Amino acid sequence: MAGRLRGVFEQVRAALFPSRQAPVQSTTQAGHVRERKYGGSTKAMAASYGVAPRTVLRWIDGTRHPKGADAERLQREALDVQTTERGRERKAKQLQTLGTYSGITARVGRTRTFEIRGSDAIRARDVHLSLTGEQAAALARAEDEDEVREVIGEALADYFNGGAYIGFTADDFEYDPDDFDLN
9 MAGRLRGVFE
19 QVRAALFPSR
29 QAPVQSTTQA
39 GHVRERKYGG
49 STKAMAASYG
59 VAPRTVLRWI
69 DGTRHPKGAD
79 AERLQREALD
89 VQTTERGRER
99 KAKQLQTLGT
109 YSGITARVGR
119 TRTFEIRGSD
129 AIRARDVHLS
139 LTGEQAAALA
149 RAEDEDEVRE
159 VIGEALADYF
169 NGGAYIGFTA
179 DDFEYDPDDF
189 DLN
């Protein structure tokens, strides 16, 4: 992703499925995406990207490389096709059995980036979350950035509702994906 660190979704996939990294070469990425997402159809992939089928074939054979938004999208889709729905569900079931402590933690930065709606009294510090098995399972099942943000928002609400504050919901939290880590 040009000029930006990996998004939250990419970090979650890398942490939960470490052996399922997207290929580095755009030629391999294009081939995997065509086969696994578009059922081997060059025409369908080209239509989705808004390019000619010949362009997709050139991405696959290496005579051309996608640029800009196409390159970023190809990288995201290549990561996505590395984990199947069945694999995500299997991992989610494993994580659900872990109960209140899954062993998976998240760090959300509060310095200049973390906001709780309606409050301007925010101290500069990181929030370290210990995710439950249910929350970790929801991350494994997540299919996009918005679903991951919802799960992390719920974990933040649980964190703050467990202290002196009450009544927070996932919608009360926004954070910078560049100031987030999952371990």
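No gaps in the numbering here: position 153 of the sequence shown is 161 in my numbering, and each next residue is one more. Cβ atoms here follow ideal geometry from the backbone N, Cα and C, with glycine treated the same way. On a predicted model such as this, the values are computed, not experimentally measured, just so you know.
{"query": "Would you list the one or two residues that DSSP bridges to A52?", "result": "Paired residues: none, contrary to the question."}
{"query": "Here's the rule: buried if 16 or more other CB atoms are within 10 angstroms of the residue's CB, otherwise exposed. What is R115?", "result": "exposed"}
{"query": "Less than 7 Å between C-beta atoms, sequence neighbours within five positions excluded: which residues of the same chain meet that for L147?", "result": "V20, L24, V156, V159"}
{"query": "Nearest-angstrom Cα distance between G86 and S110?", "result": "Sequence check: residue 86 is Ala here, not Gly. Rounded to the nearest angstrom, the two C-alpha atoms are 28 Å apart."}
{"query": "Go through its chain and collect everything with a Cβ distance to Q104's Cβ below 7 Å, but skip five positions before and after it.", "result": "G141, E142, A145"}
{"query": "Taking the straight line between their C-alpha atoms, what separation do you get for K45 and V89?", "result": "7 Å"}
{"query": "I need the boundaries of the alpha helix (DSSP H) containing D78, first residue and last residue.", "result": "76–88"}
{"query": "F168 by DSSP, collapsed to three states: which one?", "result": "helix"}
{"query": "In whole angstroms, what is the alpha-carbon distance linking A77 and Q83?", "result": "10 Å"}
{"query": "Among residues of its own chain, excluding the 5 on either side of W67, which ones have a beta-carbon nearer than 6 Å to its beta-carbon?", "result": "A38, P74"}
{"query": "Could you please give me the residues that DSSP links to R44 through a beta bridge?", "result": "Paired residue(s): none; R44 is not in a bridge."}
{"query": "For G170, count neighbouring Cβ atoms within 10 angstroms of its own Cβ and tell me buried if that reaches 16, exposed if not.", "result": "exposed"}
{"query": "Whose C-beta lies closer than 7 Å to the C-beta of K51 among residues of the same chain, with five residues either side of it excluded?", "result": "P61"}
{"query": "Inspect the beta-carbon positions of G161 and D184 and report whether they are closer than 9 Å.", "result": "no"}
{"query": "Check T108 in the structure and name its three-state DSSP category.", "result": "coil"}
{"query": "Do R42 and V64 have their beta-carbon atoms positioned less than 9 Å apart in this structure?", "result": "yes"}
{"query": "Do you know offhand how far N191's Cα is from R133's?", "result": "18 Å"}
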